[in-house]
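Chains as they are written, first to last, in our numbering: chain H, 1 to 349; chain L, 1001 to 1349.
Using N, Cα and C, we set each Cβ at its ideal position, and we do this for glycine too.
There are 2 protein chains.
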Amino acid sequence: MNIELNVSRMKVIIISVTMKDVARKAGLSIATISKYINGGNVLKENRVIIDKAIKELGFEVNEIARGLKTNKTMTVGLLIPSLENIFFTSILSNIESILIDKGYSTIICDYKEDKSLEKQKLDFLVKKMVDGIVTMPMGCDLEIINSVIGRNIPVVLIDRALKGVDCDAVLVDNLNASYNAVEQLIILGHKRIGIICGPDDIYTAQERLRGYERVHEDYAMTVDHKLVKKGDYQIESGYRLLLELIKMKEPPTAVLVTNYEMTLGAIMAINESDIKIPDDISFIGFDNLQLAKVVKPPLSIVIQPVKQIGEVAANMLLKRLRGDGSSFPSMVRLKTELILKDSVRKIGD
Amino acid sequence: MNIELNVSRMKVIIISVTMKDVARKAGLSIATISKYINGGNVLKENRVIIDKAIKELGFEVNEIARGLKTNKTMTVGLLIPSLENIFFTSILSNIESILIDKGYSTIICDYKEDKSLEKQKLDFLVKKMVDGIVTMPMGCDLEIINSVIGRNIPVVLIDRALKGVDCDAVLVDNLNASYNAVEQLIILGHKRIGIICGPDDIYTAQERLRGYERVHEDYAMTVDHKLVKKGDYQIESGYRLLLELIKMKEPPTAVLVTNYEMTLGAIMAINESDIKIPDDISFIGFDNLQLAKVVKPPLSIVIQPVKQIGEVAANMLLKRLRGDGSSFPSMVRLKTELILKDSVRKIGD
DNA sequence: TTGTAGGCGTTATCAA
DNA sequence: TTGATAACGCCTACAA
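Printed below as a string of C-alpha cells:
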C-alpha cells in the first residue's frame, strides 16, 4: 500500500490498496478475502469484518492482476468504419452504456473505411486481448474474422453481414426498408421513382437497392436505370445526384435517399432549386429523425432502430462472454420504421 | 503454450506463446529474452537466435502481465460529452489514430452531457487504471479532476477549460473566433447582427458570446439583446431561433450561428422562408466545411482546427506519459479559421 | 553477458 | 470455513 500525503491540501491519497492490506486489517488471510470478493463461503461474522476493512481502506480489485489469472481483460473491442458518422457512433453509444454497466470497458477503434486498416485494428484488438469484439465489417475478409473466432474470441457483426462467416450478427432489414418506402410511393400512384443509393461494395447499399428493384418486380414495373443513382453516402453526393434527378428530361415524381448524409445533401439541393416538396417531388429520407422534424414540410423518413441494434448486439455479446454458446450463430434482423409525413403526396391518374 | 488444432480446417492455432516458450526454443533463460525485448545487452549471436525463435513462435509480449509489473496499462481514457456529436467524435478519431500508433489503446466513454455520469465514467477510467486521460469536461467539478491528477494520472483537457484546475489543456480561441466573424460583418457595414449561441453553462458558448460582445464594444456599438438568441446546440433550436430573428420587427441584416447542428437548423429555416442569403441576410455558420460547400451560395463559416486539436492533445498526453513534466501546466489555444464566401454581403450605407 | 530468484495482485488447489 | 502455496507472464536486482 502506498500512502501519499498531499500536505499542501492536507488530504491523504491512498493508492493501490491490495488484498494483502485488507487481509492484514481484517486479521484474515488473503485467500479468505479473495473468496469473499468472489462470493465464496465465508463466515458471516468474517464477512462483516472484511466488508468493514474494504470500505475503510477503499479497496478495489486490481483488474489487471485478476486478468492475468483469469485470462479475461473485461474489455471488448468495438470496431467501426468511421468515427465521423453519427449513425455508427450512435450505435456505439448504446453498446458502450450497456457494457459499462456490466463492468466491461470498450476499446473503440475506427478503420476510416479502409480495408487494410480494418485488419490492422482487428489485430490490435486481439493483441490487447479483448474478451469479445463487435464490428461493422467492410472487407469481405472472412479469413481474418475467422481467425479471431478461432481464438475463441466471440465476435458480433453489426449492420453488415459477411458471407461465409459463422458468426453472430445483428442486421437491419435493409431490403424491406427500401421496399416498404418505395411501395408506399407506388401505392400513392408514383410511376417514376428515383433512388439515391450508397456505394456498390457496401452491404447495406446493395440491400437497399435490391429492395427498390424487388418492389418494382412485385408490382410489375420496370426499373428505369437512369433513375438509380449511386452515391458515396456523403453530403455532397446526395446534393449532386438529386440535382441530376430533377434535371432529367423525364424526372422522377418521387425519390428515396438511402442514408442521412445524402438526405441532408438532397434536401439542400431541393431547397435551392425551384421545385417544391411534395408538389413537384415526393421525398423519403433516411436515418435522422431530428432532421426530419425540422424540415418543412416534415420529412417522411426511414428510421433504423439504432438503439435496438446496440442493445441486441451488446446483449448477444454478453451472452457469449458468459459462455452461453446456445443457438450459435444467431442472426437477428431488425425492422426499420417508415414514418410518412407530408413530404409525399398522391399522384393523380 | 496452448496449441489448438482445428481439425476440420487443418489449421493450427497457437495462442499465448510466452517468454518461457521463446526461452526454451532459444536455449536461453527467460531473463535474457526479457532483456532482448526491452533493449538490454544481449550477445549478437543470441539476438539472432532469439529473434528467430520469436518469429517462429509468433511471440508477442503480454501487455497485461507486463502491466502488472510496470504499473502501466498502455491504455488512455477518452471522455467526451456525447458520441452523437460529430465535432467531438472527429477529435476522438484523430487522437485515437495517434495514440494507437504508439501502442496505446483508448477507452472511449461518453457521459451523455450528464454531470453525474461524467464523474462515474471518470471513476471508471481510473479504476481501469488508464495511464492518462483526455477529457472534454462539462461539470466545473475540479474536485474530481484534481483527485485524478493527484493519483499521478496525467489529464489533458480539450475544448473546455476548467477554472482552478492546474492541468494541461488544448482549447480553441472561441472568443476571437466569433469576434473575427462578427468583425467582418461589421466591416461590411452591418449594424444589426444576430447571434445564435449555445447554452449559458457551456464554456465554448460563453466565450463565443463574449467575442460577439467585445467586438461590439470595440466598435462602440451597443448590443441589442433581442438579437442574442440562446439555443442548445441542437438542430431544432437553430431552426427555431433563426425564425425568431427574421420575424422580428427590426430583423438583423446578418447572423452568426455558433455550432454545426444549429447552423444546419438555421439553414433549413432560411430555405423554407422567403428570405434569401445574402440578399436579405448575411450568414456565417460554424464547424462543418462539407456542409458549407454544398449549400448555395457557399456558406461563410468558422472552422475549428479539429485535426490539430486531436494532434496537440494526443502529443501533449504522450509527452506526459513519457514522464516529461516540463512546462506544466501548458495551455494551448488554437486559432479558428474564418472562410468567407458569398453568404455575406456588403450593406450599402 | 547470462541466469537465478523474488515479486507484481490475483485466483485456485488442497490441506488443515 | 480457512490458510498456505503455487501459479499467471513479465520485469529486475543481484549473483554467477
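| query | result |
| --- | --- |
| Rounded to the nearest angstrom, what separates residue 307 of chain H and residue 91 of chain H at their Cα positions? | 6 Å |
| If the criterion is Cβ atoms closer than 8 Å, does the pair residue 54 of chain H and residue 1106 of chain L meet it? | no |
| Assuming the contact rule is C-beta atoms closer than 8 Å, residue 1190 of chain L and residue 1347 of chain L should be a hit. Round their C-beta distance to whole Å, please. | 5 Å |
| Does any residue of chain L bring its CB to less than 8 Å from the CB of residue 108 of chain H? | yes |
| Taking 8 Å as the threshold (C-beta atoms), are residue 1345 of chain L and residue 1278 of chain L in contact? | yes |
| Considering only their Cβ atoms, is the gap separating residue 1177 of chain L from residue 1332 of chain L smaller than 8 Å? | no |
| Out of curiosity, what's the CA-to-CA distance linking residue 1099 of chain L and residue 255 of chain H? | 43 Å |
| Excluding the five sequence neighbours on either side, which residues of its own chain have a C-beta within less than 7 Å of the C-beta of residue 1133 of chain L, listed in chain order? | 1076, 1077, 1079, 1125, 1148, 1153, 1155 |
| At 8 Å on the CB atoms, spell out the chain L contacts of residue 265 of chain H, in chain order. | 1294 |
| Taking just the CA atoms, how far does residue 49 of chain H sit from residue 24 of chain H? | 11 Å |
| What are the partner residues of residue 256 of chain H, as DSSP defines its beta bridges? | H/195, H/284 |
| What are the start and end residues of each continuous beta strand (DSSP E) run of 3 or more residues lying completely inside the region 50-82 of chain H, in chain order? | 75-80 |
| Given that a residue counts as buried once 16 or more other Cβ atoms are within 10 Å of its Cβ, and exposed if not, what is residue 136 of chain H? | buried |
| So residue 129 of chain H contacts chain L; which residues on that side make the cut at Cβ distance below 8 Å? | 1062, 1063, 1064 |
| Closest by CA to residue 193 of chain H, which one among H/312, H/33, H/215, H/317? | H/215 |
| Looking only at C-alpha atoms, which of L/1305, L/1082, L/1022, L/1325 sits nearest to residue 1166 of chain L? | L/1325 |
| Closer than 8 Å by C-beta to residue 29 of chain H: which residues in its own chain qualify, once you throw out the five before and the five after it? Chain order, please. | 23 |
| Taking DSSP as the reference, what is the three-state secondary structure of residue 273 of chain H? | coil |
| Following a CB-centred definition, is residue 1215 of chain L positioned closer than 7 Å to any heavy atom of the ligand MN? | Although the ligand MN was asked about, the structure shown includes no ligands whatsoever. |
| Grab the span of the beta strand (DSSP E) containing residue 106 of chain H for me, first residue to last. | 105-110 |
| What whole-angstrom Cβ distance do residue 1121 of chain L and residue 1111 of chain L have, given they're in contact under 8 Å? | 5 Å |
| Quick check on the DSSP output: the beta strand (DSSP E) that includes residue 300 of chain H runs from which residue to which? | 300-303 |
| On the three-state DSSP scale, how would you describe residue 6 of chain H? | Low confidence applies to residue 6 of chain H: its pLDDT is 47, below 50, so where it sits in the model is not reliable, and the reading given next is rough at best. Looking at residue 6 of chain H - three-state DSSP - the assignment turns out to be strand. |
| Rounded to whole angstroms, what's the CA-CA distance from residue 63 of chain H to residue 130 of chain H? Just pull it up for me. | 13 Å |
| Compute the Euclidean distance between the alpha carbons of residue 159 of chain H and residue 204 of chain H, then round it to the nearest angstrom. | 7 Å |
| For residue 1160 of chain L, which of helix, strand or coil comes out of DSSP? | coil |
| Going along the region 24-51 of chain H in order, which residues come within less than 7 Å of chain L, judged by CB to CB distance? | none |
| Grab me the residues of residue 1244 of chain L's own chain with a C-beta within less than 8 Å of its C-beta, minus the 5 sequence neighbours each way, in chain order. | 1229 |
| Could you round the C-beta distance between residue 1282 of chain L and residue 1185 of chain L to whole angstroms and report it? I think they count as a contact, below 8 Å. | 6 Å |
| Assuming residue 98 of chain H is part of the beta strand (DSSP E), what are its boundary residues? | Per DSSP, residue 98 of chain H belongs to no beta strand (DSSP E); it is in the alpha helix (DSSP H), 86-101. |
| Just how far apart, CA to CA, sit residue 343 of chain H and residue 253 of chain H? | 12 Å |
| Rounded to a whole number of angstroms, what is the C-alpha to C-alpha distance between residue 1016 of chain L and residue 68 of chain H? | 12 Å |
| Give the C-beta separation of residue 1270 of chain L and residue 86 of chain H to the nearest angstrom, bearing in mind that I take them to be a contact with Cβ-Cβ under 8 Å. | Going by Cβ atoms, the distance from residue 1270 of chain L to residue 86 of chain H rounds to 23 Å, so no, they are not a contact pair. |
| Rounded to a whole number of angstroms, what is the C-alpha to C-alpha distance between residue 1061 of chain L and residue 1018 of chain L? | 7 Å |
| Tell me, which residues are paired with residue 135 of chain H by DSSP? | H/79, H/157 |
| Can you check whether the C-beta of residue 67 of chain H is within less than 8 Å of a C-beta belonging to chain L? | yes |
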